[in-house]
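Enquirer:
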Amino acid sequence: MSKQGLRNLKESAVRTFFLMNGVLTIIILVGIFALLLYSAVPAFREVKIGEFLTSTSWDPTSPVKAEYGILSMIVSTVMVTLVAVLIAFPIGLGVAAYLSDVAHWRVREIVKPIVEILAGIPSVVIGFLGIVLFGPFLAGLFGRTNGLNALNGAVLLAIMALPTIISISEDSLNAVPAAYAEASLALGGSRWQTLVRVKIPAALSGIIAAFMLGMGRAIGETMTVLMATGNARSFPHGLLDSVRTMTSNIAIELGEVPYYTTHYYALFAIGLVLFIMTFGVNLVADLVLSKYQEREQ
Amino acid sequence: MSVKPATRKKIIQGIGFFLLRVCLYIVLAVLLLILYDVGKKGGGAISWQFLTQAPRRGMTEGGIFPAIMGTFLVTIVTAVLAIPLGMFSAIYLNEYARKSRLNRMIRLAIRNLSGVPSIVYGLFGVILFVNILKFGTSILSAGLTLGLMTLPWTITASEEALKTIPNSYREGSLALGATKWQAIRTNVLPYALPGMLTGTVLGLARAAGETAPIMFTGAAFSLPFLPRSLSDQFMALPYHLYIMATQHHDIAKARPLAYGTALVLIVFVLGMNMGAVLLRYRLRRKKR
C-alpha cells in the first residue's frame, strides 16, 4: 500500500474511533431505557398497568394482599417539585436579573463563583440539614412537633434547583441583543422598564427552559427528599403532611427487597415512570431552547 | 398630592432593583447558613483520630478514615471511565462532527443523559454491572455507575474547552500538510487539555458527593477495613452521612459524627473544585 493510502486509512480509523465514542452516548441512553423496561415488565404479569398508575395504596409486603399503586408517590413527587420550583423560580430569576442588569461587573465576578459553591454542595448534606436545621425551624414556625414534611422537602429542593435556574436565566438574559435594550432606553424607558418589558420577554424561552430544567432536577432528586420529608406512604393532603416520593420509595425498598420478586420488578417500574417523566420535562426544555437558538441565528 | 411621572418611574425602579437585590441576599444567606452550621458543628467533631481511624462501637466512636479512602478510591474508578470517554466524545463532537441527523441525536442523547435522575443511574448499575456483568456490589460497579452519570458533564466541559481554541491553530497545521488528526494532536489538544481536565475534575467532584447511585451498587454500611480489590465493597462519605443521619439508633452520639462527616464531605468536594481551578491556572502559566 502506498504511503498516502496508509495515511488515509489511519485518518479514517481515528475518525471512526472518535465517532464510536459519540455514538456510545446514544447507546447508553437507549440502554438505560431498555434495561429499565426489561426489568419493569415482569411486574405487570401480576399487576395491571392501570391499577399500578391509578391506585393510591402501595403495600407490597402485606400478608393478605400485596398492593402496588404508585399514585400517592406520583402526587407527592409532583407536589414537592412544583412547590420547590415555585419558591426557587422567582428568587432565581431575581438573582439572574440582578446579576445581568443591575450589579456592577465586580459584584458579578464575586457572586458567580459563590453560586457555583451552592451547586457543589452534595444533596446528602442538604438532606442532613433538612433534618437538623430546616425541619426543626419549620416545625417551630407552624407549631408542629415534627418538621419532616413535604414543605421541608420543597424548601430544600428549591435550594438545589436555584443554581440551575440562576445560571440558565442569566445566560438567556445576557444573550438578548444589546440593541433591544438600547432602543428601549433611547425611547425614555427606565432601566427597570427595559428589564421587565423588553429584556425578560425577549429572553422568555430561555427563562422557561430554566424553569423546566430546575423542575427536572427537582423531580429526580433522591437524597434530600428521602431524608427530609418523613416518607409516610399515605396520600398527601397538604404541604405539612409527611410524603414519600417515587425516588425515596425506590431508595428505601430496593435495599431490602428479595431479588426477582414482583416487588423487585415493581421498583424498576417506578424507576421507568421516573425516567419517562424527567425525559419528557427535559425534552420540552430542549425544544424551547433550540427554538430560541434558531431564532437568534 | 400628585407625583410627577418621572419621579414615579424612579421610585418604581428603586423598589424593583431593591427586590432583586433581596433575592440575591436570600441566596447568599442560605449558603452562609449552610456553611456556618456545618462548619461550626462539624468543626467540633474533627480531630486527628476522626480523620485517621475506623468507626468503633457501632459507629459511635472512632473516625471515618475508611469512608474518606472509599470515596477517594471510587472517584478514581469513576475517573478511569469518564475522563477518556468524555474527552474522546468531545473531540468527535467539536472536531469531526458535521451537521447531520446522527450528530443531532448524539447531542440530544447527551443533554438527556445529564437529566436522568441519579437514582435511575443506580437502578441501571444494579441491573447492568451488579447482575448482568456479575461485578456484584463492589467498588467497581459503583465507580462505573458514577462514571456513566458523570459522562455527559465531562463531555460538555471538554467540548467547551475545545471550542476556545481558535480555528487558525487548526488551519495553520493543515496548511503545512498535516492530516486532520495530526493537526488535532499537535495544535489543538495541548492547548485545550488544561480546560478539559478542569471541567472533568469539576464533574468528578459532583460524582464524589453523590449517594443514590452507589447505595445499591457497592457502598457498605460499615467496614473496618479498606477495599483490597475492585470486587470489594467500600465505605463512602455521602453514604456514611446518610446512615449516620437517618439509620443510627443513638441520635445523641451519632449527630456530632454526622456533622463531622458532612464537613469532611463538603471540604472534599469543594477542595476538588478548587484543585481543578488551580490546576488550570498552573497549566496555563506553564504553557506561556
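Which chain is which? The protein sequence lines are A and B, in order.
Count along the first sequence starting at 1, add 3, and that's the number in my numbering.
Count along the second sequence starting at 1, add 12, and that's the number in my numbering.
Cβ atoms here follow ideal geometry from the backbone N, Cα and C, with glycine treated the same way.
Can P250 (chain B) and S130 (chain B) be called in contact, C-beta distance under 7 Å?
Expert: Within the second sequence, numbered from 1, the residue matching residue 250 (chain B) stands at position 238. Within the second sequence, numbered from 1, the residue matching residue 130 (chain B) stands at position 118. No, they are not a contact pair.
Enquirer: Check whether chain B comes within 7 Å of I211 (chain A), counting only Cβ atoms and requiring the distance to be less than that.
Expert: Stepping through the first sequence from its first residue, residue 211 (chain A) is reached at position 208. Chain B contact via Cβ: absent.
Enquirer: Buried or exposed: where does D262 (chain B) fall if 16 or more other Cβ atoms within 10 Å of its Cβ makes it buried?
Expert: The count along the second sequence starts at 1 and reaches residue 262 (chain B) at position 250. The residue in question, D262 (chain B), is exposed, as its Cβ has fewer than 16 Cβ neighbours within 10 Å.
Enquirer: Can the beta-carbon of A169 (chain B) be found closer than 7 Å to that of G211 (chain B)?
Expert: Translated into the one-based positions of the second sequence, residue 169 (chain B) becomes position 157. Translated into the one-based positions of the second sequence, residue 211 (chain B) becomes position 199. A contact, by the Cβ cut-off of 7 Å.
Enquirer: Given this structure, state the Cα-to-Cα distance separating H107 (chain A) from Y101 (chain A), to the nearest angstrom.
Expert: Within the first sequence, numbered from 1, the residue matching residue 107 (chain A) stands at position 104. Within the first sequence, numbered from 1, the residue matching residue 101 (chain A) stands at position 98. Roughly 9 Å between the two C-alpha positions.
Enquirer: With which residues is Y71 (chain A) paired in a DSSP beta bridge?
Expert: For this step, residue 71 (chain A) is matched to residue 68 along the first sequence. DSSP lists A:W61 as partners of Y71 (chain A).
Enquirer: With a Cβ-Cβ cutoff of 7 Å, do S230 (chain B) and A154 (chain B) count as a contact?
Expert: Stepping through the second sequence from its first residue, residue 230 (chain B) is reached at position 218. Stepping through the second sequence from its first residue, residue 154 (chain B) is reached at position 142. With the sequence shown as reference, residue 230 (chain B) is identified as Gly, and Ser is not the correct amino acid for it. Cβ distance < 7 Å, so G230 (chain B) and A154 (chain B) count as in contact.
Enquirer: In its own chain, which residues sit with a C-beta less than 8 Å from the C-beta of L74 (chain A), not counting the 5 before and 5 after it?
Expert: As a working mapping, residue 74 (chain A) is identified with position 71 in the first sequence. Only L56, T57, S58, T59, F238 meet the Cβ criterion.
Enquirer: Is there a Cβ of chain A sitting closer than 7 Å to that of Q25 (chain B), yes or no?
Expert: Translated into the one-based positions of the second sequence, residue 25 (chain B) becomes position 13. Output row for Q25 (chain B): interface = yes.
Enquirer: Which one of B:R292, B:F280, B:G272, B:L295 has the shortest CA to CA distance from W60 (chain B)?
Expert: Numbered from its first residue, the second sequence carries residue 60 (chain B) at position 48. For W60 (chain B), the nearest C-alpha among the options comes from B:G272.
Enquirer: By DSSP, does G233 (chain A) sit in helix, in strand, or in coil?
Expert: Taking the first sequence and counting its residues from 1, the one referred to as residue 233 (chain A) is at position 230. Strand.
Enquirer: Rounded to whole angstroms, what's the CA-CA distance from I134 (chain A) to I278 (chain B)? Just pull it up for me.
Expert: Start at 1 with the first residue of the first sequence, and residue 134 (chain A) comes out as number 131. Start at 1 with the first residue of the second sequence, and residue 278 (chain B) comes out as number 266. Near 17 Å, if we compare the C-alpha coordinates of I278 (chain B) and I134 (chain A).
Enquirer: Give the DSSP bridge partners of G74 (chain B), in chain order.
Expert: Taking the first residue of the second sequence as position 1, residue 74 (chain B) is located at position 62. For G74 (chain B), which the question treats as bridged, DSSP gives the partners B:P67.
Enquirer: Going along chain A, which residues have a C-beta under 7 Å from N285 (chain B)?
Expert: By one-based count along the second sequence, residue 285 (chain B) stands at place 273. Result: G123.
Enquirer: Within 8 Å, do at least three Cβ pairs link the segment 189-206 of chain B to the segment 6-18 of chain A?
Expert: Output reads yes: the segment 189-206 of chain B touches the segment 6-18 of chain A.
Enquirer: Inspect the beta-carbon positions of L253 (chain B) and V127 (chain A) and report whether they are closer than 7 Å.
Expert: As a first step, residue 253 (chain B) must be located in the second sequence, where it is residue number 241. As a first step, residue 127 (chain A) must be located in the first sequence, where it is residue number 124. Result yes, Cβ atoms of L253 (chain B) and V127 (chain A) sit closer than 7 Å.
Enquirer: Could you tell me which of B:L209, B:L158, B:G51, B:R267 sits nearest to Y293 (chain B), measuring between CA atoms?
Expert: Stepping through the second sequence from its first residue, residue 293 (chain B) is reached at position 281. Comparing Cα positions, the closest option is B:L209.
Enquirer: Of all the options A:F36, A:L121, A:G34, A:K6, which has the alpha carbon lying nearest to the alpha carbon of L282 (chain B)?
Expert: Locating residue 282 (chain B) in the second sequence gives position 270, counting from the first residue. Nearest of A:F36, A:L121, A:G34, A:K6 to L282 (chain B), Cα basis: A:L121.
Enquirer: For a quick check, are the C-beta atoms of T167 (chain A) and I222 (chain A) less than 7 Å apart?
Expert: Locating residue 167 (chain A) in the first sequence gives position 164, counting from the first residue. Locating residue 222 (chain A) in the first sequence gives position 219, counting from the first residue. Their beta carbons are not under 7 Å apart, which means T167 (chain A) does not touch I222 (chain A) by this criterion.
Enquirer: With D49 (chain B) as the anchor, note down where its alpha helix (DSSP H) starts and where it stops.
Expert: If you number the second sequence from 1, residue 49 (chain B) lands on position 37. Element bounds for D49 (chain B): 17-55.
Enquirer: Leaving aside the five residues before and after I162 (chain A) along the sequence, list all residues of the same chain whose C-beta is less than 8 Å from its C-beta, in chain order.
Expert: Position 159 of the first sequence, counting from 1, holds the residue named residue 162 (chain A). The answer, listed in chain order, is A91, L121, I129.
Enquirer: State the Cα-Cα distance for the pair V15 (chain B) and V105 (chain A), rounded to the nearest angstrom.
Expert: Within the second sequence, the letter at position 3 stands for residue 15 (chain B). Within the first sequence, the letter at position 102 stands for residue 105 (chain A). V15 (chain B) and V105 (chain A): Cα-Cα distance of roughly 25 Å.
Enquirer: Could you give the DSSP three-state label for V128 (chain B): helix, strand or coil?
Expert: By 1-based counting over the second sequence, the position of residue 128 (chain B) is 116. Coil at V128 (chain B), not helix or strand.
Enquirer: Entirely within the segment 168-226 of chain A and at least 4 residues each: give me those alpha helix (DSSP H) ranges in chain order.
Expert: Correct list: 181-189, 207-223.
Enquirer: Is there a Cβ of chain E sitting closer than 7 Å to that of M82 (chain A), yes or no?
Expert: As a matter of chain content, chain E is missing from the structure shown, whose protein chains are A and B.
Enquirer: Cα separation between V142 (chain B) and I151 (chain B)?
Expert: By one-based count along the second sequence, residue 142 (chain B) stands at place 130. By one-based count along the second sequence, residue 151 (chain B) stands at place 139. Each residue's alpha carbon lies about 11 Å from the other.
Enquirer: In terms of residue numbering, what span does the alpha helix (DSSP H) encompassing Y41 (chain A) cover?
Expert: Against the first sequence, residue 41 (chain A) aligns to sequence position 38. Unbroken alpha helix (DSSP H) run through Y41 (chain A): 6-43.
Enquirer: In three-state DSSP terms, what is A231 (chain B)?
Expert: Here residue 231 (chain B) is taken as the residue at index 219 of the second sequence, counted from 1. Strand, per DSSP.
Enquirer: Residues of chain A with a CB under 9 Å from the CB of M81 (chain B): which are they?
Expert: Position 69 of the second sequence, counting from 1, holds the residue named residue 81 (chain B). By Cβ distance, chain A contributes nothing, its closest Cβ being about 18 Å from M81 (chain B), past 9 Å.
Enquirer: Could you name the residues of the same chain whose beta carbon sits closer than 6 Å to that of F214 (chain A), not counting the 5 residues immediately before and after it, in chain order?
Expert: For the purposes of this step, residue 214 (chain A) is identified with residue 211 of the first sequence, where counting begins at 1. Once the five neighbours on either side are set aside, the close Cβ partners of F214 (chain A) are F92.
Enquirer: Any C-beta of chain B within less than 9 Å: which residues of the segment 208-233 of chain A qualify?
Expert: Answer set for the segment 208-233 of chain A: L216, G219, R220, I222, G223, E224, T225, M226, L229, M230.
Enquirer: Could you compute how far the alpha carbon of S187 (chain A) sits from the alpha carbon of V114 (chain A)?
Expert: For this step, residue 187 (chain A) is matched to residue 184 along the first sequence. For this step, residue 114 (chain A) is matched to residue 111 along the first sequence. If you take the alpha carbons of S187 (chain A) and V114 (chain A), they lie about 28 Å apart.
Enquirer: Report the three-state DSSP secondary structure of F278 (chain A) (helix, strand or coil).
Expert: Looking up residue 278 (chain A) in the first sequence gives position 275. If DSSP states are grouped into helix, strand and coil, F278 (chain A) belongs with the helices.
Enquirer: Determine the DSSP secondary structure at V260 (chain A), reduced to helix, strand or coil.
Expert: Within the first sequence, residue 260 (chain A) is the residue found at index 257, counting from 1. Coil.
Enquirer: Do we get a CB-CB distance below 7 Å when we pair L201 (chain B) with the residues of chain A?
Expert: Residue mapping note: residue 201 (chain B) aligns to position 189 of the second sequence, counting from 1. Closer than 7 Å: no.
Enquirer: From the DSSP output, in three-state form, read off V50 (chain A) for me.
Expert: Residue numbering aside, residue 50 (chain A) sits at position 47 when the first sequence is read from its first letter. Residue state, collapsed to three classes: coil.
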